[in-house]
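A quick write-up on the structure given underneath.
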Amino acid sequence: MEKVKKGVRLDHISKIYQDPKTGKDFYAVKNTSLTIEPGSFVTLLGPSGCGKTTTLRMIAGFESPDEGEIYLGDEPINELTPNKRDTAMVFQSYALLPHYNVFDNVAYGLKLRKVPKDEIRERVTKILELVELGGMEGRMTNQLSGGQQQRVALARALVIEPSVLLFDEPLSNLDAKLRVTMRTEIRRIQQEVGITAIYVTHDQSEAMALSDQIIIMNKGVVAQMGTPQEIYYHPVDKFVADFIGEANFLRGTMTGSEAGYITLNVEGNPLRVPARDGVEIGKEYTVVLRPEAATLADEGGLPCRVVLSCFMGSYQNYHVMVGDTLVKLEEHNPKNKRIYRVGETCSLVFDPDSVHVL
Amino acid sequence: MARGQGAALDRKKLMADPIMVTTIVVLITFLTLFILYPLAILLVDSFVGDGSFGFSIFKRIFAMPSFTRAITNTLKVGFLVGILSALIGLLFAYVEVYVRLNRFAGGLFKVVSMLPVVSPPFVLSLSMIMLFGKAGLITRFLLGIYDNSVYGFWGIVIVQTLTFFPVCYMMLKGLLKNIDPSLEEAARDMGASRWKVFTSVTLPLMLPGLGNAFLVTFIESIADFANPMIIGGSYDTLATTIYLQITGAYDKAGAAAMAVVLLCITLVMFAVQKYYLEAKTAATLTGKASRARMLIEDRSVKIPLTILCSLGALFVILMYICVPIGACFPTWGYKFFPLTGKWFKQVFVRYHGLKAFKDSFVLSLIASPITALLSMIISYLVVKRKFKAKGFIEAVSMLAMAVPGTVLGVGYIRGFSGGLFHTGVLQGIYGTGLILIIVFVVRSLPTGTRSGISALRQIDKSIEESAYDMGADSLKVFMTVTLPLIKDSFLSGLVTAFVRSITAISAIILLVTPSFLLITVQINEFAEKGAFSLACAFATILIVITYGAVLLMNLFIKHFGTSRSNKED
């Protein structure tokens, strides 16, 4: 597969739909610009209706953008029909051709490209080996399990050696265990082939496990783009923080600053957190605290009261009230630790560097 | 917000696909030329037919007592037939879905649902006359009644009801099966009697569906030509009046105006049925039944209902059987034995039977693949693609469903006998086999399209998208994915089109020229003349052909259909 890798660039893309109930137009995707590097695995992540699938379908050519231009590599592709675009899509419902067997399904794209028969056989066999379906060529697709069908769909997309591979929630029809296996597989194959991949999902753990870059979308606009770590540790706003992982939000007014840290007044208690650019004394800020980053102690942190204490096996789940703010936390490996009971007052302790100020 | 760029891009993408564009253009031309144009010319004719624009022609026809009588006659018949068919259909459907039937009764039900499909729509008139007419087998020979008149209002009502109720029965059966049994069980559990459950749960749920069945039958009855022609006697309906206005009075402008009136009636009915009742039916009865229904075993309910329906079914079957038997009696009404084949022989020796069958057969055979393919293409475009003219294509093919054959026939006469807009262009097709084939296609297109649309709706859109994405163009997608997936629907569309074409009469009878002998027209002619045995002989052979076609299709689907490969897992 000696092909020049291509990236994808969206330049101020918008898509307008009509609400079928009210008849009003609305932006499904609004003024979105993105650059997806060649060879990278990028996930479009967001709640349903955020415009992620619409974006993917515009890249594939099924939908036409109402504003802006899409580039594949350096070539503008707005006017190309899906069959002329160098992209291949893996569908949520697999979309295998039910009247063809595995071999013919995978060979379909190659036959359309008039590849010689011998080469088709060779390439199909090779790609089926890659997705670990060797020897299944003769099976009809309805004789395959969901995971196997998904592999056929992947093989069919890979075999035509597209510049970009598009995934539309491909694992959502599989059971939880298989999902985890398949996502590892997809990542392995993408790395082996070195292809640019754009993956749509609403499952954050899928996005974390697969991606070089995650693009979080909300209401048709990109909320944040970054590596999984950037997005988890440095979310740009409450939506992103809340959407990726669990997040607690502590609000406080800034009272002072010193050497890279600032002090906030949270529910009447001083709290030292890392500073960020442009903060001002007297203004209110929100601190993002991940449940696993905090622990309970008898003293030394924010005073709090336990309202829920629940043993979950690998961790003890606490809900505590800091003043009027509810904070959820997970005390991992709780076996030999002191367990706080509901109604006890204690102290919420965490490393200042493990929180993030919005 | 401007959606201009997206729309422009969609258009450009469509234009990049010449086959698709050509198909759409050809389709639009076909639909415009052979559905819209003939109807438009009727309107033009009826407003300016006598030289000046105005309502003068309408005034003239409404002043004819025969015409106003025909309107009330038609509506009276349609109303009664609609109600009776819906009720009998409901009874049959209820018994089949709710009562445990023995195998004999079950078999009878199946035959009854099948008969109207394979027989020409007017054979029951023949058997009605032969069984209950003046020299009727039952009236005269069994009961000794001499002047029983079957002609007229009741004759039409009975014959049409018997012809159309199986359609209601099939429609309502589907709906009843979709009622969740737990609704009725809940009512039973709360203490309602079976009758109370029926009136308070089942019936209210079925009301829109019943209304739908009623209107569908109403439209069928109004549009029916051959039954009133044969058994109506002096009782004229709109369809027959229009026919006589053309063939008897040579008043083409008047006939055009009458056709416009008939068309308006059916269009209003159709609009109500399509946009109001069908939506309501779908809204009240959506989900699938959650589990199997407890069938009624109670003998006091089961036995009378089974007997009642079985007798009804037997009666209908008897009516149909009467046709081949009638063709075998030496002289109907006087001499019954020994059975003879002389009528069949006469059909072929004296009355050019072979040519009639050849003409009917060949024309239908040419029309059916065209119809089947066209309806699949239309369904594909309507369900799977988006483009501007889609609404037009969908609307016009729907419209064809509401146009009575007689109206279409008059439209073709006015529209093509002098060429397009009386300019002589395309005049060449008038009076040829080509125009008959086109009429066959147009008449069967709506049914085919409807079944194609429902078949295609069940196919996940992404299957075609995936093929498109892999690099296939529209033609490739249609040929390698869509068509194979709806092969069953295509095959049955092929046969339905064939059966509908070979049994069609209403539009054809106005357009056929002496150079073509069509079986249905022959049957009608002999029945008119009172030569019932000959008419029966023609009808029998026709039924054999259509039944053979249906059998052949079932065999075909069994061996080559898609359903088999899907069932293999």
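Here the protein sequences line up with chains B and V, keeping their order. As numbered in the working numbering, residues 354 to 711 make up the first sequence, in order. As numbered in the working numbering, residues 31 to 599 make up the second sequence, in order. Positions of the beta carbon are idealized from the N, C-alpha and C atoms, including for glycine. None of the values given here were measured: they were computed from a predicted structure.
(request) Mark Gln544/B as exposed unless 16 or more other C-beta atoms lie within 10 angstroms of its C-beta, in which case mark it buried. (result) Exposure of Gln544/B is indicated by the presence of fewer than 16 other C-beta atoms within 10 angstroms of its C-beta.
(message) With a threshold of 7 Å (Cβ to nearest heavy atom), would Ala537/V be considered close to the ligand COA?
(response) The model depicted lacks the ligand COA and carries no ligand whatsoever.
(request) Quick one: using the 10 Å Cβ neighbour count with 16 as the cut-off for buried, is Gly578/V buried or exposed? (result) Exposed, since its Cβ has fewer than 16 Cβ neighbours within 10 Å.
(request) Run the CB neighbour count on Asn132/V, radius 10 Å, all protein chains shown included, and call it buried at 16 or more, exposed below. (result) With a 10 Å radius around the Cβ and a threshold of 16 neighbouring Cβ atoms, Asn132/V comes out exposed.
(message) Spatial neighbours of Leu655/B within its chain, please: C-beta separation below 6 Å, excluding the five flanking residues on both sides.
(response) Once the five neighbours on either side are set aside, the close Cβ partners of Leu655/B are Asn622, Val675 and Leu701.
(message) As an exercise, report each continuous beta strand (DSSP E) stretch of at least 3 residues that is fully enclosed by the region 650 to 699 of chain B, in chain order.
(response) 655 to 664, 668 to 675 and 678 to 685, all fully within the region 650 to 699 of chain B.
(message) So the candidates are Ile260/V, Tyr442/V, Val127/V and Pro399/V; which of them puts its Cα closest to the Cα of Leu73/V?
(response) Check the Cα spacing between Leu73/V and each of Ile260/V, Tyr442/V, Val127/V and Pro399/V: the tightest is with Tyr442/V.
(message) Let's test the definition: count the other Cβ atoms within 10 Å of the Cβ of Ala612/B and tell me whether it reaches 16, buried, or not, exposed.
(response) With fewer than 16 Cβ atoms within 10 Å of its Cβ, Ala612/B is classed as exposed.
(request) Taking only beta-carbon positions, decide if Ala550/B is within less than 8 Å of chain V. (result) It does not; no Cβ of chain V falls within 8 Å.
(message) Tell me which residue opens and which closes the beta strand (DSSP E) that Gly284/V is part of.
(response) Careful: Gly284/V lies outside any beta strand (DSSP E), inside the alpha helix (DSSP H) at Lys282 to Ala301.
(message) Run through chain B and tell me which residues come within less than 9 Å of Pro48/V, C-beta to C-beta.
(response) Simply none; closest approach about 12 Å.
(request) Identify every residue that forms a DSSP beta bridge with Arg540/B. (result) Its beta-bridge partners do not exist; DSSP assigns none.
(request) Would you please state the rounded distance, in angstroms, between the beta carbons of Val472/V and Glu494/V? I believe it to be under 8 Å. (result) Here Val472/V is actually not in contact with Glu494/V; their C-beta atoms are around 28 Å apart, not less than 8 Å.
(request) Would you decide whether Asn495/B is buried or exposed? Buried here means 16 or more other CB atoms lie within 10 Å of its CB. (result) Taking every protein chain shown into account, the CB of Asn495/B has fewer than 16 other CB atoms within 10 angstroms, so this residue is exposed.
(request) Give me the Cα-Cα distance between Leu591/B and Pro418/B, rounded to the nearest whole angstrom. (result) For the sequence presented, residue 591/B should be read as Lys rather than Leu. Distance from the CA of Lys591/B to the CA of Pro418/B, rounded to the nearest whole angstrom, comes to 29 Å.
(message) If contacts are defined as beta-carbon pairs under 8 Å, then Val551/V and Ile532/V qualify, I think. What distance do you get, rounded to the angstrom?
(response) Not a contact, Cβ separation roughly 12 Å.
(message) When you compare the region 227 to 237 of chain V with the region 247 to 266 of chain V, are there three or more beta-carbon pairs, one atom per stretch, that lie closer than 8 Å?
(response) The count of Cβ pairs closer than 8 Å, one atom from the region 227 to 237 of chain V and one from the region 247 to 266 of chain V, stays below three, leaving the stretches out of contact.
(request) Return the residue from the list Leu404/V, Ser405/V and Ser390/V that minimises the CA-CA distance to Ser545/V. (result) Ranked by Cα distance from Ser545/V, the options Leu404/V, Ser405/V and Ser390/V are led by Ser390/V.
(request) Kindly list, in the order they appear in chain V, the residues whose Cβ is closer than 7 Å to that of Ser446/B. (result) Under the 7 Å cutoff, chain V gives Asp490 and Ser492.
(request) Return the bridge partner residues of Leu603/B from the DSSP annotation. (result) BP columns for Leu603/B point to Val640/B.
(message) Tell me the residue span of the beta strand (DSSP E) that contains Thr478/B.
(response) Segment Lys470 to Leu483 is the alpha helix (DSSP H) holding Thr478/B; no beta strand (DSSP E) there.
(request) Compare the beta carbon distance of Tyr410/V and Pro435/B with 8 Å and say whether it is the shorter of the two. (result) Pairing Tyr410/V with Pro435/B gives a Cβ-Cβ distance that is not under 8 Å.
(request) Pair every Cβ in the region 423 to 433 of chain B with every Cβ in the region 50 to 59 of chain V, then say whether three or more of these pairs are closer than 8 Å. (result) At 8 Å Cβ cutoff, the stretches do not touch.
(request) Using only alpha-carbon positions, find the residue among Tyr461/B, Thr606/B and Gly402/B that is nearest to Val507/V. (result) Considering only alpha carbons, the answer is Tyr461/B.
(request) With 7 Å as the limit, tell me which residues of the region 278 to 291 of chain V have their beta carbon closer than that to any beta carbon of chain B; keep them in chain order. (result) From the region 278 to 291 of chain V, no residue has a Cβ closer than 7 Å to chain B.
(request) Enumerate in chain order the residues of its own chain whose CB-to-CB distance from Thr462/V is below 6 Å, with the five nearest sequence positions on each side excluded. (result) Excluding positions up to five away in sequence, the list is empty.
(message) Any beta carbon from chain V within less than 8 Å of Tyr424/B's own beta carbon?
(response) Not closer than 8 Å to any Cβ of chain V, the Cβ of Tyr424/B fails to qualify, so no.
(message) For a minimum of 4 consecutive residues, which ranges assigned as the alpha helix (DSSP H) are wholly contained in the region 545 to 588 of chain V?
(response) Counting whole runs of 4 or more residues, the region 545 to 588 of chain V contains the alpha helix (DSSP H) stretches 549 to 559.
(request) Would you verify that the beta carbon of Glu514/B is, or is not, closer than 8 Å to some beta carbon of chain V? (result) Chain V contact via Cβ: absent.
(message) Nearest by alpha-carbon distance to Thr576/V: which of Ser522/V, Thr229/V, Phe556/V and Leu540/V is it?
(response) Of the candidates Ser522/V, Thr229/V, Phe556/V and Leu540/V, the residue whose Cα lies closest to the Cα of Thr576/V is Ser522/V.
(request) Check the Cβ of Lys681/B against every Cβ in chain V and list those closer than 9 Å, keeping chain order. (result) In chain order: nothing, as chain V lies at least about 39 Å away.
(request) Output yes if chain V places a C-beta closer than 8 Å to the C-beta of Glu522/B; else output no. (result) No, no contact with chain V.
(message) Taking its Cβ as the centre, do 16 or more other Cβ atoms sit within 10 Å of Leu341/V, making it buried, or is it exposed?
(response) With fewer than 16 Cβ atoms within 10 Å of its Cβ, Leu341/V is classed as exposed.
(request) Entirely within the region 63 to 114 of chain V and at least 4 residues each: give me those alpha helix (DSSP H) ranges in chain order. (result) Entirely contained in the region 63 to 114 of chain V, the alpha helix (DSSP H) runs reaching 4 residues are, in chain order, 67 to 78 and 86 to 93.
(message) Using a Cβ-Cβ distance cut-off of 8 Å, determine whether Ile430/B contacts chain V.
(response) No, no contact with chain V.
(request) Measure the C-alpha to C-alpha separation of Tyr350/V and Met160/V and round it to an integer number of angstroms. (result) Taking the straight line from one Cα to the other gives about 11 Å.
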